[in-house]
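Note sheet for the following structure.
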Amino acid sequence: HLGITPNLKELNLRDCHYLVELHMPAESLKLKSIDLCHSKLRTLYLGFTPNLETLSLSDCQFLVELHMSAKSLKLKSLTLSHSKLRTLYLGFTPNLETLSLSDCQFLVELHMSAKSLKLKSLTLSHSKLKTLYLGVTPNLETLSLKDKVETL
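Here it is as structure tokens:
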């Protein structure tokens, strides 16, 4: 349990293979980076993290729920590869540049902002997405959809 940590800027628990539960504070106003890769988390509630820029959850193979703020205005990079998420709601993420959801074999729904003006790289390889609506993505440079996406 992180308790009250008002000055926390970076949370790095990478390779904490036995981490199954994490209680984030309701507010983490200064938090810019979270790295929980290779943990056994099943659910993550981020709370209010208005300055979060990087969220790394790759190889969290037990992750089935991710609760993000409806507005993640500063989020630039989101990595969720190898999770068991079925649905992902990104909310309003106007500064998102990189979204990696490779090998999310249970992912069937992805809800992105209608305008992802800064999105440069989107990786959705080996998911079960049936439909992908990209909306307005004028800066998209890399789109990886290897295997499984049926409608674009």
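Using the UniProt record's numbering, the letters of the sequence shown correspond one by one to residues 1 to 152.
Note that beta-carbon positions come from the ideal geometry of N, C-alpha and C, so glycine has one too.
This structure is a prediction, so every number in the text was calculated from the model and none was measured.
Taking the Cβ atom as the reference point for each residue, do S28 and T49 lie within a distance shorter than 7 angstroms? Taking the first residue of the sequence shown as position 1, residue 28 is located at position 28. Taking the first residue of the sequence shown as position 1, residue 49 is located at position 49. With contacts defined as CB atoms closer than 7 angstroms, S28 and T49 qualify as a contacting pair.
Would you identify the three-state DSSP class for K71, choosing helix, strand or coil? Sequence index remark: in the sequence shown, residue 71 carries index 71 (1-based). In this structure, K71 counts as strand in the three-state DSSP scheme.
With 16 as the cutoff for other CB atoms within 10 Å, does I4 come out buried or exposed? Along the sequence shown, one-based indexing puts residue 4 at 4. Of the other Cβ atoms in all chains shown, fewer than 16 fall within 10 Å of the Cβ of I4; this residue is therefore exposed.
For D35, write down the residues that DSSP places opposite it in a beta bridge. Taking the sequence shown and counting its residues from 1, the one referred to as residue 35 is at position 35. Per DSSP, N12 and S56.
In angstroms with no decimal places, state the Cα-to-Cα distance between S72 and Y89. Mapped onto the sequence shown, residue 72 falls at position 72. Mapped onto the sequence shown, residue 89 falls at position 89. Whole-angstrom Cα-Cα distance: 11 angstroms.
Evaluate contact between the segment 30 to 47 and the segment 5 to 12, counting only Cβ atoms and requiring at least three cross-stretch pairs below 8 angstroms. yes
If we count the other Cβ atoms within 10 Å of its Cβ and call it buried at 16 or more, is L126 buried or exposed? As a first step, residue 126 is located in the sequence shown; it is residue number 126 there, counting from the start. Checking the sequence, you will find His at residue 126 rather than Leu. Per the 10 Å Cβ criterion, buried.
Considering only the beta carbon of each residue, do S100 and S83 sit closer than 7 angstroms? Mapped onto the sequence shown, residue 100 falls at position 100. Mapped onto the sequence shown, residue 83 falls at position 83. Contact flag unset, no.
Boundaries of the beta strand (DSSP E) in which H111 is found, first to last residue: In the sequence shown, the residue the question calls residue 111 occupies position 111. Where H111 is concerned, the enclosing beta strand (DSSP E) stretches over E109 to H111.
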